[in-house]
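If you're matching positions, the sequence shown starts at -3 in the working numbering and goes up one per residue.
Note that CB positions come from ideal geometry on N, CA and C, so glycine has one too.
Fair warning: this is a prediction, and the values are worked out from it, not measured in the lab.
To keep things clear, I will list the structure first and then write my remarks on it.
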Amino acid sequence: MTTRPFSCQESLFEDASLQTFELSGAELVLLTAVWSRVEGDRLCKKLIGELDWRQDKISMFGQSHDVPRLNAWYGDPGRSYSWSGIAMDPSPWTSTLHEVKKRVSELADTEFNSVLANLYRDGNDKVDWHADDEEVLGVNPVIASVSLGAARKFRIRRKDRSSQPIDISLKSGDVLIMSGSTQRYWEHQVPRTKKVTEPRVNLTFRKVTSSA
Ligand SMILES: O=C(O)CCC(=O)C(=O)O
């Protein structure tokens, strides 16, 4: 990758390493071990106990199904969010989430105002192909995704399928920053796997520009 959509402040993380991906139409930076594995696992447990997790349902072919993971939405007042017909009003920031947001906002040099939390209870939970391209996120959104707990495969592919999907292993304490036109041209998923039996918490920090 030759250009940077944000000024990632490398001095803010000493033990972490930075990896960029050369993808046409996508801007992807992986910061590994922003939190140590131990800290990441501790945060994972804390957030599982602390957040107001909900089981959403999605309607497909006239039938209602449980979304295959639990979710929670936290943010500044009024920053509501909707996806696939599911509307979420923000709960106020907890001190733990606020701390994580502060660190991630500094790294990505972006003032995030909300976070979608995903709880993958084990490898059976997943998120299907999608892009974070809702109108309320604005054009070319910067999204910072924090992984805590079990390592999971994050798969990304071009929407027009002009190249092979790419797999990135996201481990506890890693931060993946997506920006530029990533959400316009690419989509991502976290596939189901029998190999993972432990939970994973993912926090995707976003900047909602207007209410849904
Ligand atoms: O769990 C992840 O790493 C990805 C989550 C995700 O795609 C989303 O929240 O939109």
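Distance, Cα to Cα, SER13 vs GLY58?
46 Å
Between SER3 and the rest of its own chain, which residues show a CB-CB distance below 6 Å, the 5 nearest in sequence each way excluded?
Model confidence at SER3 stands at a pLDDT of 43, short of 50, so the residue's coordinates are unreliable; what they give is reported in the following sentence. Hits under 6 Å: ASP105.
Between which two residues does the alpha helix (DSSP H) carrying GLN179 extend?
Counting along the chain, the alpha helix (DSSP H) containing GLN179 begins and ends at 178 to 181.
Opening and closing residue of the beta strand (DSSP E) in which GLU107 lies:
Looking at the DSSP string, GLU107 is not in any beta strand (DSSP E), and its letter there is neither H nor E.
Contact between the region 105 to 120 and the region 135 to 153 is defined here as three or more beta-carbon pairs at a separation below 8 Å; is this criterion met?
yes
Are at least three pairs of beta-carbons, each pair with one atom in the region 158 to 170 and one in the region 19 to 37, less than 8 Å apart?
yes
Rounded to whole angstroms, how far is the Cβ of SER141 from the Cβ of GLU23, which I believe are closer than 8 Å?
Their Cβ separation, rounded to whole angstroms, is 13 Å, which puts SER141 and GLU23 out of contact at 8 Å.
Would you mind stating whether LEU66 and TRP49 have Cβ atoms separated by less than 9 Å?
yes
Spatial neighbours of PRO137 in its chain, beta-carbon cut-off 7 Å, leaving aside the 5 residues before and after:
ASP128, GLN179, ARG202, LYS203
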